[in-house]
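**Q**
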Amino acid sequence: MKYRVCVLGATGLVGQRFVSLLARHPWFELEILTASKKYVGMKYGEVVNWVVDNSMPEDVGEIEISSVDPEVIAREKPDIAFSALPSDVAVEVEVELLKRGINVVSNASPMRMEPDVPLLNPEVNADHLELVKQQVRRGWRGILAKVPNCSTAILTLALKPIADEFGIKRVIVSTMQSVSGAGFRGVPSVAILDNVIPYIKGEENKVERETLKILGSVEEGKIRYADIGVTASCHRVMVLDGHLEAVFVETSKKTAVEEVKEVLREFRGNKIRGMNLPTAPSEPVVVKEEPDRPQPRLDRMAGRGMSVVVGRVREDKVLGGVKFVVLGHNTVRGAAGTAVLIAELITREGLI
Ligand code: NAP
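All residue numbers for the sequence shown refer to this note's numbering, where the first residue is 1 and numbers rise by one.
(1) Between Thr347 and Met275, what straight-line distance do the alpha-carbon atoms span, to the nearest angstrom?
(2) Compute the distance between the beta-carbons of Leu97 and Glu245, then report whether it is under 8 Å.
(3) When you measure from the CB of Arg185 to every non-hydrogen atom of the ligand NAP, does any distance come out below 7 Å?
(4) Spatial neighbours of Glu204 within its chain, please: CB distance less than 7 Å, with the 5 preceding and 5 following residues excluded, ordered by chain position.
(5) Counting C-beta neighbours from all protein chains within 10 Å, is the total for Tyr39 16 or more, i.e. buried, or is it exposed?
(6) State the CB to CB distance for the pair Thr251 and Ile162, rounded to an integer number of angstroms; the pair is presumed to be in contact (CB under 8 Å).
(7) Nearer than 7 Å: is that true of the beta carbon of Asn121 relative to any heavy atom of the ligand NAP?
(8) For Ser109, which three-state DSSP category applies?
(9) Which value, in whole angstroms, describes the spacing of the CA atoms of Arg273 and Glu123?
(10) Fully enclosed by the region 3-60, which alpha helix (DSSP H) runs are 4 residues long or longer?
(11) Measuring only the C-alpha atoms, how far is Val187 from Lys201?
(12) Looking at Leu129 and Leu120, is the spacing between their C-beta atoms short of 8 Å?
(13) Does Met1 pass the burial test, meaning 16 or more other C-beta atoms within 10 Å, or should it be called exposed?
(14) Where do the N-terminal and C-terminal ends of the beta strand (DSSP E) with Asp356 fall, by residue?
(15) Given a cut-off of 8 Å, decide if Val105 and Ala335 are closer than it, judged by their beta-carbon atoms.
(16) Please name the residue, chosen from Gly101, Arg75, Ala108, that lies closest to Ala90 on a Cα-to-Cα basis.
(17) If we count the other Cβ atoms within 10 Å of its Cβ and call it buried at 16 or more, is Glu94 buried or exposed?
(18) So, is Leu157 buried or exposed, given that buried needs 16 or more other C-beta atoms within 10 angstroms?
(19) Is Tyr44 near the ligand NAP, going by C-beta to nearest heavy atom under 7 Å?
(20) Which residue or residues does DSSP assign as beta-bridge partners of Met176?
(21) For Val310 versus Lys288, is the C-beta spacing smaller than 8 Å?
(22) Excluding the 5 residues preceding and the 5 following Leu277 in the sequence, name in chain order all residues of the same chain whose CB lies nearer than 8 Å to its CB.
(23) Please go through the same chain and pick out, in chain order, the residues whose beta-carbon is closer than 6 Å to the beta-carbon of Lys323, but skip the five residues on each side of it.
(24) So which of Arg333, Pro70, Arg293, Met113 has the shortest CA-CA distance to Gly101?
(25) Taking only three categories from DSSP, how would you classify Ser307?
(26) For Thr156, would you say it is in contact with chain C, using Cβ-to-Cβ distances shorter than 8 Å as the test?
(27) Are there any heavy atoms of the ligand NAP lying less than 7 Å away from the beta-carbon of Thr331, as far as the coordinates show?
(28) Going by DSSP, which residues form a beta bridge with Glu315?
(29) Taking the alpha carbon of Ala182 as the reference point, which residue from Leu8, Asn330, Arg24, Phe28 has its own alpha carbon closest?
(30) Candidates Gly229, Gly321, Arg75, Met111: which alpha carbon is nearest Glu92's?
(31) Using a Cβ-Cβ cutoff of less than 8 Å, which residues in the same chain neighbour Ala180 once the five nearest sequence positions on both sides are dropped?
(32) Taking all protein chains shown into account, decide if Gly269 is buried (16 or more other Cβ within 10 angstroms of its Cβ) or exposed.
(33) Going straight from the alpha carbon of Ser174 to that of Asp127, what length do you get?
(34) Within the present structure, is the beta-carbon of Cys234 separated from the nearest heavy atom of the ligand NAP by less than 7 Å?
(35) Quick check on this structure: which residue in Asp116, Leu144, Ser151 has the alpha carbon closest to the alpha carbon of Gln134?
(36) Is Leu6 near the ligand NAP, going by C-beta to nearest heavy atom under 7 Å?
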């Protein structure tokens, strides 16, 4: 038997990725798709402006768009709702679904930093899932797990093996983020063509705070934030998909470049290793030796978009540690792909 799933915001860029990943998923059956009010009752294939893959999965186009009204969704009793809603809409809809017993895995930013809400990047912190036990106190009958901000998901996957092996004191990160990170109607072409925009609202704050929660630990049911100094500068560049990040790390122990490459290559994610989750990449961190890689166009689909690709690993003599470049697919590893991986973890753990 497959779990019945719903995608909220299915016509957007993250929503389309969900549809693409879930249409042939071995454990999940895609049954409900929502969009804004004006499309309710119309067929998905008629209203979606499909842009994420070469073609839309067969049959999905025939699904009728449902209302995002939690009452209406709850009547259909999906096991999991994947949320790709804008933040302002997500706040209310997600909580109302949780109260009605629907489990929610969400990409929207509200509640990511709540102490009883796990902010999961499964290879990094699957053990934080135990926080959901505390959510009954809110009167929720479903469980809520959040996907990190896209740049943060990519960054923490590369930092985790280094933190475990050498310890990290400080991180400086400068991002070059693709236009798809801003959503379907996000950045006007006249603003981004031939340009770099050195500002993404709220992004630096999310990277700096979420990294500490994800790399932190859960002790006696409470999140203990990682004791790392993180400072970020975020920029929008004229790339379609894939966020590239230049990262400078001060390590606690002395490191050698070759050792760092080895721990990155060998990293599999402690808890989910051996669980055989369908969306888990075989190599979460791919390390490139070529001096001009990773590049968004060439490397963003590594591990079907679920691996991050690290390159240019060098000694950082100023900070005392290493510097490197990391690339990840923002709508797959940074959004829908990680959400599906979280849902696989939750079902494997028997929480649904
Ligand atoms: P998007 O392309 O703008 O898509 C938004 C979706 O929400 C569309 O399906 C839209 O439907 C629907 N929607 C908008 N207003 C609605 C309303 N009032 N009621 C019901 N549905 C409504 O955005 P996105 O890039 O996919 O991002 C979705 C969420 O994921 C956001 O919270 C974003 O911050 C987060 N996120 C995005 C990325 C990324 O790389 N893009 C990465 C991580 C997290 P219509 O088509 O009918 O307007």
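Backbone N, C-alpha and C define an ideal beta-carbon position, used for all residues, glycine too.
**A** Checking against the coordinates, here is how it stands:
(1) 11 Å
(2) Their beta carbons are not under 8 Å apart, which means Leu97 does not touch Glu245 by this criterion.
(3) yes
(4) Ala232, Ser233, Cys234
(5) So Tyr39 ends up on the buried side.
(6) 7 Å
(7) Asn121: no, Cβ never under 7 Å from the ligand NAP.
(8) coil
(9) The alpha-carbon atoms of Arg273 and Glu123 are separated by roughly 8 Å.
(10) 13-22, 44-47
(11) Val187 and Lys201 have their C-alpha atoms some 12 Å from each other.
(12) Closer than 8 Å, so yes.
(13) exposed
(14) Outside the displayed span of the chain (1 to 352) sits residue 356, for which this structure offers no information.
(15) no
(16) Cα-wise, what sits closest to Ala90 is Ala108.
(17) buried
(18) buried
(19) Because no heavy atom of the ligand NAP lies under 7 Å away, the Cβ of Tyr44 does not count as near it: no.
(20) His235, Leu244
(21) In this structure, Lys288 lies closer than 8 Å to Val310 by Cβ.
(22) Pro122, Leu341, Glu344, Leu345, Arg348
(23) Once the five neighbours on either side are set aside, the close Cβ partners of Lys323 are Phe248, Arg314, Asp316.
(24) Pro70
(25) The answer is coil: DSSP assigns Ser307 none of H, G, I, E or B.
(26) As a matter of chain content, chain C is missing from the structure shown, which is built from one protein chain.
(27) yes
(28) Val322
(29) Asn330
(30) Out of Gly229, Gly321, Arg75, Met111, Met111 has the C-alpha closest to the C-alpha of Glu92.
(31) Correcting the residue identity first, residue 180 is Ser in this sequence and not Ala. So the list reads Leu13, Gly186, Leu240, Asp241, Asn330, Thr331, once near-sequence residues are dropped.
(32) buried
(33) A direct Cα-to-Cα measurement between Ser174 and Asp127 gives close to 28 Å.
(34) no
(35) Asp116
(36) This sequence places Cys at residue 6; Leu is not what is there. Not under cutoff, so the answer is no.
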